[in-house]
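Note that the protein sequences, when read in sequence, are chains A and B.
In terms of our numbering, the numbers along the first sequence are unbroken and rise by one, the last being 114.
In terms of our numbering, the numbers along the second sequence are unbroken and rise by one, the last being 508.
The C-beta atom is built at its ideal place from N, Cα and C for all residues, glycine as well.
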Amino acid sequence: MAVLRRVMLAAGLTGIIVPCVAATELDVVQARQKFDLTSLSVHLGDTVHFLNHDDVNHNIMTVDSDLEATDHGLQKPGETLNVTFDQAGTFQVRCSIHPTMKMTITVR
Amino acid sequence: MACLAILPRRTRSISRYLALAFLYVGLSAILTLMPRMAWAVPSFAIQTGQPCAACHVGALGPQLKPTGRDFKLYGYVASDNKPHFPPLAGLIETSFTHTNSAQPGATPQGFGANDNAALDQVSLFYAGRIFPMLGAFAEVTYDGVNNRISWDKTDIRHSREAKLFGEDMVYGLTLNNSPTVQDLWNSTPAWGFPYSASPIAPRPTASTLIDGKLAMSVVGLGAYTIWNGLLFLELDGYRGFGSDVRNALGMVPGVGADTLDGFAPYWRVALQHEFGDHYVEIGTYGIRAGIYPGGNRTAGHANRITDTAIDANYQWLGDTDNFVSAHATYIRESLALDASRVLASSNPSDTLRTFRADLSYSLDNTYTPTIQYFQTRGSNDAAYWGIANGSPNSEGWIAEIMYVPWGKADSPIHGVNGRISLQYVAYTKFDGSSQGASGHNTLFLNFRALMAFDR
Chain A
7 MAVLRRVMLA AGLTGIIVPC VAATELDVVQ ARQKFDLTSL SVHLGDTVHF LNHDDVNHNI
67 MTVDSDLEAT DHGLQKPGET LNVTFDQAGT FQVRCSIHPT MKMTITVR
Chain B
54 MACLAILPRR TRSISRYLAL AFLYVGLSAI LTLMPRMAWA VPSFAIQTGQ PCAACHVGAL
114 GPQLKPTGRD FKLYGYVASD NKPHFPPLAG LIETSFTHTN SAQPGATPQG FGANDNAALD
174 QVSLFYAGRI FPMLGAFAEV TYDGVNNRIS WDKTDIRHSR EAKLFGEDMV YGLTLNNSPT
234 VQDLWNSTPA WGFPYSASPI APRPTASTLI DGKLAMSVVG LGAYTIWNGL LFLELDGYRG
294 FGSDVRNALG MVPGVGADTL DGFAPYWRVA LQHEFGDHYV EIGTYGIRAG IYPGGNRTAG
354 HANRITDTAI DANYQWLGDT DNFVSAHATY IRESLALDAS RVLASSNPSD TLRTFRADLS
414 YSLDNTYTPT IQYFQTRGSN DAAYWGIANG SPNSEGWIAE IMYVPWGKAD SPIHGVNGRI
474 SLQYVAYTKF DGSSQGASGH NTLFLNFRAL MAFDR
């Protein structure tokens, strides 16, 4: 019975905790060749939507602390790029076409 | 491109000019119908996947928007990360020049006293990334007026990033062949207005050293940095070439040209900031050089020339399709003529001051009218300037309208760009004289096509 109570307690706690860490979705706007945020903190599994409000292409790159870069491809005007962060760490987000476009995303 | 070989090197009549213009239009049309050989404009646009208008006011260079300045600052390496053909590009430029009065004996050899058509230049560029942090803008030009091939504007850059006092810093090196060709702003001489000028109409005789006199006749290595996107600093050192190198590079005159004495330092400081929709830059630049006039060292001394300049830029960024920009510069030159006073009995010292200011409005990235006021004033010195009345003073206005059909994101034709510009230069004073100055007034009709070869 004690074991069963522990299992039920754990299940109950999980039920409480899971909604707290459920993946959320956040928007970052690209306008006038800038990100509207300079930094953002997200949870593991969260998805960030990069909205290209410019009339030119962008090309989002995420660079981890080991300087490993991931190319998320060309993003045309009006398009939204969705990036899910499934690794903890600090990432620099840049546009390969516009080198002054940069922001930091911390994944916890 | 082979078609160019059959073009007449010099043509004089309007009818032949019109034939040249039709040939230009025909060539452009053929190029646009070659989808497998996508001729584009220029190779920077291919590399970044951006239309010309993303970086250039009026959808065609050289006037830069902030994005264009950043692209240059970071060493011409920004890319859409797609594989591309090496960034080679070509340019063809033709023109027609009419002056208010005929200019017998004052036009280049082989041209008439007035109403001249010309194939101004055909150029080949390497413009873009070489390695991930090394890029270049390098140009070789066939000058159709003087019938020669020479190296042209060149700027090879390497850049890196760092943090200083918690803020972003970009720093790098530039190897270039003309003071200010590496500059980010269109207020300085190498990329300043007018962006094209008649190669045939006579121009005022006197100009400062930094205002093109060293262009392509030196090589310079410099270091630059910009901190927090605000403060730009640069220091370069230039050296001249011997006559053998000048000849090899196609520079005229290869022998008998002014030559640098040793090493000439160049400096640049600029502050920039965006106040909402308003971009503002103020700065200073200059050079100090020893010059042997005509390469003659027999006086035992060189002339010592110091140019100190200030400049300012303004751009309205409120609308990506319509763009207001203004540039101004004032250059003060001090000349200690230790060589010329011995060799040519000039004054022992002179001064020369140049001021220019222009304002342009780019409408729908297609029509760009520009107006400029220019003025040069200085000491009377007939022996040094080579002007009979001794005065280097000139003054006037330039009005221009430029039409650029393509180079926008919504252009029906991608990969080809060009421009037609009509320019009028009005002199109120020319080489120290107001009388007859208007005879040099120049009407200049210019066609330019730019192409980059991409797979």
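Notebook entry, point to check: What residues in its chain sit with their C-beta under 8 Å from that of Val48 (chain A), if we drop five residues either side in the sequence?
Noted result: By the criterion of a C-beta distance shorter than 8 Å, Val48 (chain A) is surrounded in its chain by Thr30, Leu32, Val54, Phe91, Ile111, Thr112, Val113 and Arg114, once the five residues flanking it on both sides are discounted.
Next item on the list: Return the CA-CA distance between Leu416 (chain B) and Asp372 (chain B), expressed in angstroms with no decimal places.
Entry: 10 Å
Checklist line | Min CB distance Gln36 (chain A) to chain E below 8 Å | finding: Of the chains in the structure shown, none is chain E; the protein chains are A and B.
Item checked: Span of the beta strand (DSSP E), counted from its first residue to its last, around Gly336 (chain B) -> Start and end: His331 to Tyr345.
Check: So which residues of chain B does Ser102 (chain A) contact, with C-beta pairs closer than 8 Å?
Finding: Ala131, Ser132, Asp133 and Asn134
Next item on the list: May I have the straight-line CA-CA distance separating Ala362 (chain B) from Lys108 (chain A), to the nearest angstrom?
Entry: CA-CA distance, Ala362 (chain B) to Lys108 (chain A), rounds to 34 Å.
Checklist line | Simplified DSSP assignment, three categories, for Leu217 (chain B) | finding: strand
Margin query: Helix, strand or coil for Phe246 (chain B)? Go by DSSP, reduced to three states.
Written below: coil
Check: Should the stretch 139 to 151 of chain B be regarded as contacting the stretch 451 to 461 of chain B, the criterion being three or more beta carbon pairs within less than 8 Å?
Finding: no
Item checked: C-beta neighbour in chain A for Asp123 (chain B), strict 8 Å -> Judged by the 8 Å Cβ criterion, Asp123 (chain B) is in contact with chain A.
Item checked: Interface residues of chain B facing Asn65 (chain A) [CB-CB closer than 7 Å] -> In chain order, Asp133 and Asn134 make up the part of chain B whose C-beta sits under 7 Å from the C-beta of Asn65 (chain A).
Item checked: Assigned exposure category for Ala317 (chain B) - 16 Cβ within 10 Å defines buried -> Its Cβ being crowded by 16 or more others within 10 Å, Ala317 (chain B) is buried.
Note to self: What does the alpha-carbon distance come out to for the pair Asp60 (chain A) and Val469 (chain B)?
What the structure shows: 23 Å
Check: Between Tyr367 (chain B) and Gly128 (chain B), what straight-line distance do the alpha-carbon atoms span, to the nearest angstrom?
Finding: In this model, Tyr367 (chain B) and Gly128 (chain B) are separated by some 23 Å (Cα to Cα).
Next item on the list: Check whether the Cβ atoms of Thr481 (chain B) and Gly449 (chain B) lie closer than 8 Å to each other.
Entry: Contact: yes.
Margin query: Can you check which of these residues, B:Leu370, B:His380 and B:Gly343, is closest to Glu386 (chain B) by C-alpha distance?
Written below: B:Gly343
Checklist line | Of the residues A:Val34, A:Thr96, A:Glu85 and A:Thr68, the one placed nearest Pro105 (chain A), counting alpha carbons only | finding: A:Thr68
Notebook entry, point to check: Which one of B:Ala436, B:Glu192 and B:His354 has the shortest CA to CA distance from Leu177 (chain B)?
Noted result: Of the listed residues, the one whose Cα sits closest to Leu177 (chain B) is B:Glu192.
Note to self: Checking 8 Å against the spacing of the C-beta atoms, do Asn58 (chain A) and Gln39 (chain A) come in under that value?
What the structure shows: no
Next item on the list: Return yes when at least one heavy atom of the ligand COA lies under 7 Å from the C-beta of Phe408 (chain B), else no.
Entry: What this structure holds is no ligand at all, so the ligand COA is not there to describe.
Notebook entry, point to check: In whole angstroms, what separates the C-alpha of Phe190 (chain B) from that of Ala355 (chain B)?
Noted result: Spanning the two alpha carbons is a distance of roughly 32 Å.
Notebook entry, point to check: Nearest-angstrom Cα distance between Gly219 (chain B) and Ser45 (chain A)?
Noted result: 15 Å
Item checked: CB of Gln162 (chain B) within 8 Å of CB of Asp196 (chain B), strictly -> no
Margin query: Give me the subset of the stretch 462 to 490 of chain B whose CB atoms are less than 7 Å from a CB atom of chain A, sorted by chain position.
Written below: Cβ contacts with chain A: Ala462.
Next item on the list: Name, in chain order, the residues that DSSP records as bridge partners for His109 (chain B).
Entry: B:Leu117
Check: Is the shortest distance between the beta-carbon of Leu80 (chain A) and the beta-carbons of chain B less than 8 Å?
Finding: A Cβ of chain B is located within less than 8 Å of the beta carbon of Leu80 (chain A).
Notebook entry, point to check: Are the beta-carbon atoms belonging to Gly102 (chain B) and Asn418 (chain B) less than 8 Å from one another?
Noted result: Cβ distance not < 8 Å, so Gly102 (chain B) and Asn418 (chain B) don't count as in contact.
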